[in-house]
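**Student:** In numbering that gives the first Met the number 0, the protein residues as written are 0 to 539. For every residue, glycine included, the Cβ atom is placed at its ideal position computed from N, Cα and C. Quantities reported herein were computed from a predicted structural model and do not represent experimental measurements. Have a look at the structure that comes next, please.
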Amino acid sequence: MHSRRHALTLSAVLIAATALCSPGFASDRKPVSGGKLSWGVETDPATLNPQLNGQDKTKLLLRNAYESLLARTADGGYVPWLATGYEISQDGRTYTFKLRDSVKFTDGQPFNAAAVATNFTRLKDASYSGSASAGPVARIVEVETPDERTVSFTLDRIYAPFLDFAAGLELLSPGAYSSSQLKSGGPEIAGTGPFILKRYAKGQEIRFVKNPDYNWAPANAGHQGRAYLDEVTYRFLPESSVRTGALTSGQVDVTEGISGNDAGLFKGNPDFTYQTALNTGTPYSLFLNVTWGPTQDVRVRKALVAAIDVDGVLKSVYRGERTRAWGITSPIDTQFYDKSIEKAYGADPKRANQLLDEAGWTGRDPQGFRTKDGKRLTIEVVQAQATVRDQRDVLLQALQAQARQNAGIDLAIVFVDAGTYTERRKTGQFGSIANSNTPTDAIDIEYHYLPVDQGGSINYSRAAAPELSQWLTEAAGTLDAKKRFELYSRLQRFAIVEQAYALPLYEPEDQVAASSSVKGISFRPFKQMPESAYDIWRSE
């Protein structure tokens, strides 16, 4: 026996998939084809290239046109999509995928082993992919295509998260890599999806039209064959109140990103449907820089954590419509989330002030902020303007007020453009960065807690304790799920409770409200992000 085979039988999974329909899909009527849909969304993509786009909220758009080798099930398993199955070699280093027949990219180029190989090898090129080249793809030492329907990747060592990465990479037509639109994305960058990107007007809308040749949906999709809708247009409406107003007035058919104040307009209202789902990955957290400014002192980091009543802030900002976070990953990541972290720390203003006294911040300036050697205790929070969503600007202001009131800490919030954000990250000159991210199978834990020079592309705390690298390397180097859980649990307690590298705030979630005539709205079974428009249809 040289490998573990995972022959994902399409028909068996299709039968099981009939029980996976979301509440939005339930209907006594048979789905009908045709029609257009308008969807109000919060975030305009920084790039339309799905391999370079790190904005979770825009995956809803791009998933219409770009697809992956395998799809995930609710329990974290895999089912066929562009691949019919996979094998992992006995030594755990080689992953072989068998590809589906009769698939083609929307520019007419064939989907085959060479096309898949091109996607992975190009990602290894830092001039194309930037920091992504130092991620899971960096483990690949050999790519083989023994025939048109077989592609294999051999790694330099066992790397357990690789399957999640390889199975979920959005694939581009080989022709995309010679296009002038490669970095920005656009109509020239073809995928295999049920829709074709037709038009993009930055800051206004993005439009997709039905792919007439589509017949290769994942095994757990709501149906097979072509999409029901002829066209779907996503309108960029950054203000929550504007999105809500557009839906209630009939200007759009669906909207996402519902504020806590507006949720009551749709819950239980027969004219609308309302659905929510927590995301996987890293919670929205305040990462504290251990290499610059006052947060170099662990006592200051712990004091800030103790100064803030996260539960109270969330209730105030979101009216009870968001879920408190505690750890380094989402509680729905059950294979890695250790819930013993919950309530292991929390708001304690008395302790916060004691820690700051011990750290020498004993003075006060006329505004009431703590000082040491005549310098104010300021922690600068750098937030990229393009990533502000879900009332996070209001949330940061609430944290700012509590830090000042409870401990005399000046939490200075600075909103910057993309270029400045990149430069500040590169130089490490910031006190804190707030961030969340959705990759699964602990890839996101690596991105946040590996040292920057070892693949920690979004290690905003800039932590480099040797324990972190040791635990992450050991966890990635074993296929034993129990051992991986234990290692991530140790890392979680060390990072959050012992070292206060981050203050987890809330679990990102998606909220989707729609006219009751819109059917088939669903969330991805595992990551629980809003699904593409493939299964959506109109009953009117």
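#1: Restricting to runs no shorter than 4 residues, where is the alpha helix (DSSP H) found entirely within the stretch 82 to 141?
#2: How many angstroms separate the CA atom of Arg-588 from the CA atom of Ile-157?
#3: Can at least three beta-carbon pairs, one atom from the stretch 243 to 256 and one from the stretch 329 to 345, be found at a separation below 8 Å?
#4: Answer with buried or exposed for Thr-42, where buried requires no fewer than 16 other C-beta atoms within 10 angstroms of its C-beta.
#5: Using 8 Å as the Cβ pair cut-off and three pairs as the minimum, do the stretch 310 to 330 and the stretch 367 to 379 touch?
#6: Round the Cβ separation of Ala-218 and Ala-70 to the nearest angstrom and send it over; I've been treating them as touching at under 8 Å.
#7: Should Asp-90 be labelled buried (16 or more other beta-carbon atoms within 10 Å of its own) or exposed?
#8: Taking C-beta to C-beta, are Leu-394 and Ile-412 nearer than 8 Å?
#9: Please state whether the Cβ-Cβ distance between Pro-133 and Gly-454 is less than 8 Å.
#10: Please name the residue, chosen from Leu-162, Arg-206, Thr-191, Phe-235, that lies closest to Lys-197 on a Cα-to-Cα basis.
#11: Find the nearest neighbour of Leu-504 within the set Ser-531, Pro-135, Thr-421, Val-309, judged by alpha-carbon distance.
#12: Going straight from the alpha carbon of Gly-34 to that of Phe-522, what length do you get?
#13: Check whether the stretch 401 to 409 and the stretch 301 to 318 touch, using three or more Cβ-Cβ pairs below 8 Å as the test.
#14: Which first and last residues belong to the alpha helix (DSSP H) in which Pro-199 is found?
#15: Between Ser-531 and the rest of its own chain, which residues show a CB-CB distance below 8 Å, the 5 nearest in sequence each way excluded?
#16: How many Å lie between Ala-383 and Arg-391 at the Cα?
#17: Rounded to whole angstroms, what's the CA-CA distance from Tyr-283 to Pro-145? Just pull it up for me.
#18: Under 8 Å by Cβ, that's how I've got Tyr-65 and Pro-79 pegged, so tell me the actual separation to the nearest angstrom.
#19: Considering only their Cβ atoms, is the gap separating Tyr-459 from Leu-541 smaller than 8 Å?
#20: At what residues does the alpha helix (DSSP H) containing Gly-418 begin and finish?
#21: Going by DSSP, what residue range makes up the beta strand (DSSP E) through Thr-488?
#22: For Arg-537, count neighbouring C-beta atoms within 10 Å of its own C-beta (all shown protein chains included) and say buried if the count is 16 or more, exposed if not.
#23: Mapping DSSP to helix, strand and coil, what is Phe-368?
#24: Measuring CB to CB, does Thr-377 end up less than 8 Å from Asn-278?
#25: What's the call for Asn-118, buried or exposed, on a 16-neighbour Cβ count within 10 Å?
#26: Counting only the same chain and skipping the five closest in sequence on each side, list residues whose C-beta sits under 6 Å from that of Arg-423.
#27: What does DSSP give as the partner residue(s) for Gln-274 in the beta ladder?
#28: Just checking my contact of Trp-541 with Leu-81 at CB under 8 Å: how many whole Å lie between their CB atoms?
#29: Would you check if the stretch 477 to 491 and the stretch 507 to 519 touch, i.e. whether three or more CB-CB distances between them fall below 8 Å?
#30: So within the stretch 195 to 251, which uninterrupted alpha helix (DSSP H) runs reach at least 4 residues, ignoring any that extend past its ends?
#31: To which residues does DSSP link Phe-414 through a beta bridge?
#32: By alpha-carbon positions, which one of Leu-471, Gln-401, Ala-346, Gly-345 ends up nearest to Gly-367?
#33: How is the alpha helix (DSSP H) around Tyr-448 delimited, first residue to last?
#34: Quick test of the definition: if touching needs 3 or more C-beta pairs under 8 Å, does the stretch 458 to 474 touch the stretch 431 to 446?
#35: Need the endpoints of the beta strand (DSSP E) that Ser-339 sits in, please.
#36: Could you check the C-alpha separation between Pro-269 and Val-251 for me, to the nearest Å?
**Tutor:** Here's the rundown:
#1: Runs found: 112 to 122, 125 to 128.
#2: The structure shown does not extend to residue 588, since the chain is modelled only from 0 through 539, so no value can be given for it.
#3: Judged by Cβ distances under 8 Å, the stretch 243 to 256 makes no contact with the stretch 329 to 345, as fewer than three pairs qualify.
#4: It is buried - the Cβ of Thr-42 has at least 16 other Cβ atoms within 10 Å.
#5: Segment contact: the stretch 310 to 330 against the stretch 367 to 379, fewer than three CB-CB distances shorter than 8 Å; contact not assigned.
#6: About 7 Å separates the two Cβ atoms, so the contact holds.
#7: Counting C-beta atoms within 10 angstroms of its own C-beta, Asp-90 has fewer than 16 neighbours from the protein chains shown and is therefore classed as exposed.
#8: With contacts defined by Cβ atoms closer than 8 Å, Leu-394 and Ile-412 do not form a contacting pair.
#9: This sequence places Ala at residue 133; Pro is not what is there. Their beta carbons are under 8 Å apart, which means Ala-133 touches Gly-454 by this criterion.
#10: Comparing Cα positions, the closest option is Arg-206.
#11: When only C-alpha atoms are compared, the closest one is Val-309.
#12: Cα to Cα, Gly-34 sits roughly 22 Å from Phe-522.
#13: With the cut-off at 8 Å, the stretch 401 to 409 and the stretch 301 to 318 touch.
#14: Per the sequence shown, the amino acid found at residue 199 is Tyr instead of Pro. Element bounds for Tyr-199: not the alpha helix (DSSP H) but the beta strand (DSSP E), 194 to 200.
#15: Excluding positions up to five away in sequence, the list reads Leu-59, Arg-62, Asn-63, Gly-192, Pro-193, Phe-194.
#16: Approximately 11 Å, taken between the alpha carbons.
#17: So the alpha carbons of these two residues sit roughly 43 Å apart.
#18: Rounded, the Cβ-Cβ distance is 17 Å, inconsistent with contact.
#19: Here the chain has residues from 0 to 539 only, and residue 541 is not among them.
#20: Where Gly-418 is concerned, the enclosing alpha helix (DSSP H) stretches over 417 to 426.
#21: Rather than Thr, the amino acid found at residue 488 in this sequence is Ser. Taken as a continuous stretch (DSSP letters only), Ser-488 belongs to no beta strand (DSSP E), being part of the alpha helix (DSSP H) at 480 to 492.
#22: Looking at its Cβ environment, which holds 16 or more other Cβ atoms inside 10 Å, Arg-537 is buried.
#23: Correct three-state label for Phe-368: coil.
#24: No. Outside cutoff.
#25: Buried, by the Cβ-count rule.
#26: The answer, listed in chain order, is Val-381, Phe-429.
#27: For Gln-274, DSSP records a beta bridge to Val-511.
#28: Absent from the structure is residue 541, since the part of the chain shown begins at 0 and ends at 539.
#29: Result no; under three Cβ-Cβ pairs closer than 8 Å.
#30: Counting only runs of at least 4 residues, the stretch 195 to 251 fully encloses the following alpha helix (DSSP H) elements, listed from N- to C-terminal order: 239 to 247.
#31: When beta bridges are read from the DSSP output, Phe-414 appears opposite Gln-382.
#32: Gly-367 has its Cα closest to that of Gln-401, out of Leu-471, Gln-401, Ala-346, Gly-345.
#33: Unbroken alpha helix (DSSP H) run through Tyr-448: 442 to 448.
#34: At 8 Å Cβ cutoff, the stretches touch.
#35: Unbroken run through Ser-339: none, as it is neither H nor E.
#36: The straight-line gap from Cα to Cα measures roughly 17 Å.
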